[in-house]
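To start, the structure itself, in structure tokens.
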Amino acid sequence: MDVLLLPLVNGLTQAAVLFMIAAGLTLIYGVLGVINFAHGSFVMLGSYLTMFFFVGKFDTVLGLFSFIFISSVVITLLGWAVEVLVMRRMYKANEFYMVLATYAILLIIEGCVEKYWGASPLSLPLPDSLNTTISIFGISVPFYSILICIIGIAVMGILWFLMNHTNLGRIIRAAAADKTMTNSLGVNVPALFTVVFVIGIFLAAFAGGLLAPTVALLPNMGVNLVIQAFVVVVVGGLGNIKGALLSAVLVGVLDSFLGFYIPVLTGITSYIVMAVILTIRPQGLLGKVG
Amino acid sequence: MKKFGMKSLILFFMLALVLSGCASKETATSKNGSSSSKDNPAKSKESTNGDTIKIGFIGALSGSVGAVGQDMKKGGELAVEMINEKGGINGKKVELVSKDTKGNPKDGIQAVRDLTQQGVKLFTGVVSSGVALAIPPVLEQENAIVMTTAAGADEITGKNFNRHVFRVSDNAYMRNTSAANLFYKKYPNLNNWANFSPDYAYGHASWDAFNNQMKKINPKYKVVKDSWPKFGATDYKNEIASILAAKPDAVFSSLYSADAITMSKQAKPYDFFKQIGLFVLNSNEGDISSALGKDMHPEWSGVHYYAEAYDNALNKEFVERFKQKFGAEPNGYNSETYVSIFAYKQAMEKSNSMDTDTLIKTLEGMKFDSVTGQREFRKEDHQAIKDIVWVKVEPDNSDKGWKVTEIEIVPGAEVMPPLN
Amino acid sequence: MKKSSIFFIIILLLGYFLAPLFVNNAFSFKLSEIFILVLFASSFQFIARTAGMFSLGHAAFYGVGAYASAVLVQKGYSIFFVLLMAGVIAFLLSMIIGYLSLRSTGIYFAMLTLSLAQVVYLVIYRTPALGGQDGIPGILAQPINLFGWELDISRPEKYYYVIFFTVVVSIFILYILTNSSLGHFLRSIRENSVRTSSLGINVKRYQILAFGIAGFFGGVSGALLSPLEGIITPETLSWTQSALPLIIVLIGGINSFWGPIVGAITFEMLYSLTIDSGASNIYLGIILLAIVLLFPDGVIGVGRRFISMLRTSFSKKKGRNMEELKGVGKHGNSAARRSI
Chain A
1 MDVLLLPLVN
11 GLTQAAVLFM
21 IAAGLTLIYG
31 VLGVINFAHG
41 SFVMLGSYLT
51 MFFFVGKFDT
61 VLGLFSFIFI
71 SSVVITLLGW
81 AVEVLVMRRM
91 YKANEFYMVL
101 ATYAILLIIE
111 GCVEKYWGAS
121 PLSLPLPDSL
131 NTTISIFGIS
141 VPFYSILICI
151 IGIAVMGILW
161 FLMNHTNLGR
171 IIRAAAADKT
181 MTNSLGVNVP
191 ALFTVVFVIG
201 IFLAAFAGGL
211 LAPTVALLPN
221 MGVNLVIQAF
231 VVVVVGGLGN
241 IKGALLSAVL
251 VGVLDSFLGF
261 YIPVLTGITS
271 YIVMAVILTI
281 RPQGLLGKVG
Chain B
1001 MKKFGMKSLI
1011 LFFMLALVLS
1021 GCASKETATS
1031 KNGSSSSKDN
1041 PAKSKESTNG
1051 DTIKIGFIGA
1061 LSGSVGAVGQ
1071 DMKKGGELAV
1081 EMINEKGGIN
1091 GKKVELVSKD
1101 TKGNPKDGIQ
1111 AVRDLTQQGV
1121 KLFTGVVSSG
1131 VALAIPPVLE
1141 QENAIVMTTA
1151 AGADEITGKN
1161 FNRHVFRVSD
1171 NAYMRNTSAA
1181 NLFYKKYPNL
1191 NNWANFSPDY
1201 AYGHASWDAF
1211 NNQMKKINPK
1221 YKVVKDSWPK
1231 FGATDYKNEI
1241 ASILAAKPDA
1251 VFSSLYSADA
1261 ITMSKQAKPY
1271 DFFKQIGLFV
1281 LNSNEGDISS
1291 ALGKDMHPEW
1301 SGVHYYAEAY
1311 DNALNKEFVE
1321 RFKQKFGAEP
1331 NGYNSETYVS
1341 IFAYKQAMEK
1351 SNSMDTDTLI
1361 KTLEGMKFDS
1371 VTGQREFRKE
1381 DHQAIKDIVW
1391 VKVEPDNSDK
1401 GWKVTEIEIV
1411 PGAEVMPPLN
Chain C
2001 MKKSSIFFII
2011 ILLLGYFLAP
2021 LFVNNAFSFK
2031 LSEIFILVLF
2041 ASSFQFIART
2051 AGMFSLGHAA
2061 FYGVGAYASA
2071 VLVQKGYSIF
2081 FVLLMAGVIA
2091 FLLSMIIGYL
2101 SLRSTGIYFA
2111 MLTLSLAQVV
2121 YLVIYRTPAL
2131 GGQDGIPGIL
2141 AQPINLFGWE
2151 LDISRPEKYY
2161 YVIFFTVVVS
2171 IFILYILTNS
2181 SLGHFLRSIR
2191 ENSVRTSSLG
2201 INVKRYQILA
2211 FGIAGFFGGV
2221 SGALLSPLEG
2231 IITPETLSWT
2241 QSALPLIIVL
2251 IGGINSFWGP
2261 IVGAITFEML
2271 YSLTIDSGAS
2281 NIYLGIILLA
2291 IVLLFPDGVI
2301 GVGRRFISML
2311 RTSFSKKKGR
2321 NMEELKGVGK
2331 HGNSAARRSI
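Protein chains in written order, with the working numbering: chain A, 1 to 290; chain B, 1001 to 1420; chain C, 2001 to 2340.
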């Protein structure tokens, strides 16, 4: 039993974090048409800021989560500034100029974090009350992993509600489907773009904060995450949140299982999944043709 | 383009050629200025032939192992300062010029080339084994010497031996063979071992040395689980759980830096370190313990050097001066570069020469005193015969979160790699 | 090309040819690295500019070429044979990657090349025979024999000539290809692939061929690298390395054939100037941002604008005015957007 359940839970935890990062990426791509290479650096910043606020202060669960939230808000403001100062000037440019612009932002954020916090790995202790395991079907699973899964599901629910039952969600979906149409309907497009970008950044920073107590913090920690999230986004179909969810679970769980049984495949799995799926369905699992 | 571009292009190329020529010289001199010892900035432009001896420090000063390189450089700076206070070497002032390699072989080679152009013939530092393996051909061409102070790959003084390369610190074979000897002696009842090492060259070299030695000395030795997570992995939970399922008495690990931290954090909820009797991490100069702080787990760490392990005059002076200059206790990255500069000093004074060939011959087989007692460069492979230090780290309630409770020293002569 | 331009190119080449006699070894080494980057970026530019295919996995060919040359050089083969073989191996690999990636277009194409290159990277990283993470050290080129004249190319100031010769010839071939009927087809495919295919041209075959050619020269540039540095590590294939040609091309100017050359020189100069600052990434980021926001035509575009500004001010007496200057600027900008 445990040989099945254990990689499953780990895979789902990974999927929850990947989904939060990928959802923002795919949302931003769907509406703004931007592949945001800097997304990972906002995740990284989320981890560092949470550590910066949290270390040595209220060493409690409530403290941890409120600081994750506060740092996400601070980073969202930064994301807003980036959107207004850089991205907004780029929307008409070729998408590879935008890739370069976001790559430049990544370099700057990473460089600044390295200047300020140094290059050596840092660590944020998890409050003791969270540092336990609970028993599911006789095997012990870290409580914090379960918590991340639950939060992942909650974020998914909120996003679903936002997209399907609010005005903003309808506009976002309309804009993703047909930009010129939305424009002619009198929607304030720049404001919409800002809102979408900022939502994406918030999700990234929040994922970073959640991740912080479980890994060593490094200035370049976001890079690998964002590459994985790209895989998720592309496999799911660019601009499709449901697709991102499906492929986050697929990639996360497969990576965990294959890594468990065939260790030599750890890390490659997701690329193989991507290559296979895209050769069969070039537009991704739930992507539109064209 | 075709209308008016070509001439401007040519102009650009000419300009670029001239400019980058100036640029490489400019960085060179500005580097001199910034890293020369404060009392002789005016002399910084003079070459080795004048009255300064330039020693080149190359190492990753930024990037993922940048912190290690910066620690190493501090040791070098202190050594140079102390030597100059006492009149330098053979009456000449010493100067440390440094260049960042970012841990890339490419930048390492460029650094050696740039510095040799400024008259540097003696190098110290080098964090990554990749750089250490990349630079020997350049050293040969430029007739220079490097003394590596942290790179641990066995090949550097083994398969890829080059007479221009010396290693003042230990290597993977020495450190992990000493681990097998020490922990079999200390814990003869722990026979079921698990391996938890990163899947790359240093990880494999470490485990091979440990595993082979254990097989040799302990008839009851058994490997119950062999785990090879990816280097730089961010999720170790699957491995942690499967190691626990195998119920080992002890776990050997060569996870490095950030990887060790991530693993420790993810192992904690499983009570990993309480369930196993002994955890051995072969490379932790206190950096991992300090990053983890209150989260630090109990372990035996392998180190280059530990300040309280030695009670000799040289060490006392080093610790005192280091604390004065940098306000912290020195670690093994600080000490090795510090030692290497004094080794150069002794060789230059002994031969009263600056000639590379003479210095190589002098260094071969040279015995020298260091903060960890006497060392010797083995003539055949240029590997220093030096002590291996192991410290037992345990969590406590202090602000730091951990303390060293036991120190063990294994003499280097017992664990030297066989010559072939 | 005008006669005077050819004359200038010859002067320039002569200058670079004689450079090692006047500069020190460290500088020859730097020049060699620049030349390699020039070819690497030019091979990328060939598909990016001519065919409109933006690959984010170009480092795979560079790296595979480098590994191929490392292995072959150590087996004792002559350097020019090694370069050719490395190019062919990279060509075959890039045909495969091209075949798989060209099922999609635009950003999907880019992401597919990125992930396939990542697979190549991880495979090399995990092949013990190729040295794993530590790579292959100790690569020294064999002496070559040119008409009875022995040349020891294990030293960088001699090896420089191998690089110089190979890169100049390769760039020349790329120049010819860009202006050949193949280049013509590729441009028409870029502009309108539907129309082109309705003319009876097999669009995909040409695209794959172009991708293969870019892979070939990418492989050759990588193959030049390993004997120069003497060591090759998997980092040569990492995805940041794939971003490098894109960065260089944009710094130089994406709309000019000479963009990669100007870009590589500028990039290397910036890199050498900032490496010891400990903040080279911040500087690089700021410069990139400035380029994409303010100077989308790169250094060449800036140069052109500057020159036309000088011309306008000189020729004011002849009745020209500033209107024309604005026209040039605008034209340059819109061309940048249109052509990619």
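The beta carbon of each residue, even a glycine, is placed where N, CA and C say it ideally should be. Source: prediction; values computed, not measured.
Beta-carbon gap between LEU4/A and ALA229/A smaller than 9 Å = No.
May I ask which residues mark the beginning and end of the alpha helix (DSSP H) holding PRO2227/C?
-> Start and end: 2203-2229.
Under the DSSP definition of a beta bridge, which residues are partnered with PHE1123/B?
-> GLY1056/B, VAL1146/B
Span of the beta strand (DSSP E) around LYS1222/B | 1222-1227
Among LEU265/A, VAL113/A, TYR144/A, which has the Cα closest to the Cα of GLY46/A?
-> VAL113/A
Counting pairs of Cβ atoms below 8 Å between the stretch 2114-2122 of chain C and the stretch 2226-2241 of chain C, do you hit three or more?
-> yes
Can the beta-carbon of ALA2051/C be found less than 9 Å from the beta-carbon of LEU2244/C?
-> no
Verify the CB distance criterion: does ARG1163/B have a CB-CB separation below 9 Å to chain C?
-> no
For ASP1362/B, the nearest candidate out of THR1052/B, ARG1163/B, PRO1330/B (CA to CA) = For the record, residue 1362/B in the displayed sequence is Thr; it is not Asp. The option with the nearest alpha carbon to THR1362/B is ARG1163/B.
Apart from the five residues just before and just after MET2053/C, which ones in its own chain have a Cβ nearer than 6 Å to its Cβ?
-> ILE2047
According to DSSP, what are the bridge partners of LEU2146/C?
-> TRP2149/C
Spatially closest choice to THR1372/B from ALA1384/B, LYS1222/B, ASP1357/B, by CA coordinates = ALA1384/B
Using beta-carbon positions only, say whether ILE1058/B and VAL1094/B come within less than 9 Å of one another.
-> no
C-alpha gap between ASP1295/B and GLY1401/B, whole angstroms | 7 Å
Inter-residue Cα distance where the pair is TRP1300/B and LEU1278/B | 8 Å
Which term fits THR1985/C, buried or exposed, when burial requires 16 or more other beta carbons within 10 angstroms of its beta carbon?
-> Not covered by the structure: residue 1985/C. The range shown for chain C is 2001 to 2340.
Under 9 Å between the Cβ atoms of LEU1292/B and LYS1265/B?
-> The beta carbons of LEU1292/B and LYS1265/B sit closer together than 9 Å.
Secondary structure of THR194/A, DSSP reduced to three states = DSSP places THR194/A in helix when its eight states are reduced to three.
Just reading off the alpha helix (DSSP H) that GLN1070/B is part of, what are its end residues?
-> 1066-1085
Answer yes or no: does any C-beta atom of chain C fall closer than 9 Å to that of GLU1026/B?
-> No answer about GLU1026/B holds up, because its pLDDT of 42 lies below 50 and its placement is not dependable.
Beta-carbon of GLN2133/C versus every beta-carbon of chain B: anything under 9 Å?
-> Yes, GLN2133/C counts as interfacial toward chain B.
Confirm, please, whether the CB-CB distance from TRP80/A to ILE201/A is below 9 Å.
-> yes
Are the Cβ atoms of PHE2044/C and VAL2262/C separated by less than 9 Å?
-> no
Contact list for TYR2108/C against chain A, beta-carbon separation under 9 Å | Result: VAL234, LEU238, LEU278, PRO282, GLN283, GLY284, GLY287.
9 Å Cβ cutoff, ILE1261/B in contact with chain A | yes
Touching by the beta-carbon criterion (3+ pairs, under 8 Å), the stretch 235-247 of chain A and the stretch 2063-2082 of chain C | no
Taking only runs that begin and end inside the stretch 101-164 of chain A, name each unbroken beta strand (DSSP E) of 3 or more residues, in chain order.
-> For secondary structure counted as the beta strand (DSSP E) over 3 or more consecutive residues, the stretch 101-164 of chain A holds these complete runs in sequence order: 133-136, 139-142.
Below-9 Å beta-carbon distance, GLY1286/B vs any chain D residue | The structure shown contains no chain D; its protein chains are A, B and C.
Do you know offhand how far LEU2084/C's Cα is from MET1348/B's?
-> 48 Å
Let me know the beta strand (DSSP E) ranges lying completely inside the stretch 2038-2113 of chain C, each 3 residues or longer, listed in chain order.
-> none
Using DSSP with H/G/I as helix, E/B as strand and the rest coil, what is VAL34/A?
-> coil
Check each candidate in LEU85/A, ALA101/A, LEU77/A, ASN36/A and name the one with the smallest Cα separation from LEU2288/C.
-> ALA101/A
Under the three-state reduction of DSSP, which class applies to GLN1118/B: helix, strand or coil?
-> Residue state, collapsed to three classes: coil.
So which residues of chain C does GLY1130/B contact, with C-beta pairs closer than 9 Å?
-> Result: GLN2133, ASP2134, GLY2135, PRO2137, ILE2231, THR2233, GLU2235.
Relative to the C-alpha of VAL141/A, which residue among ALA1328/B, PHE1166/B, ILE1240/B, GLY1091/B is closest?
-> Nearest option by C-alpha distance: ILE1240/B.
Chain A contact for SER1242/B (CB, 9 Å cutoff) | yes
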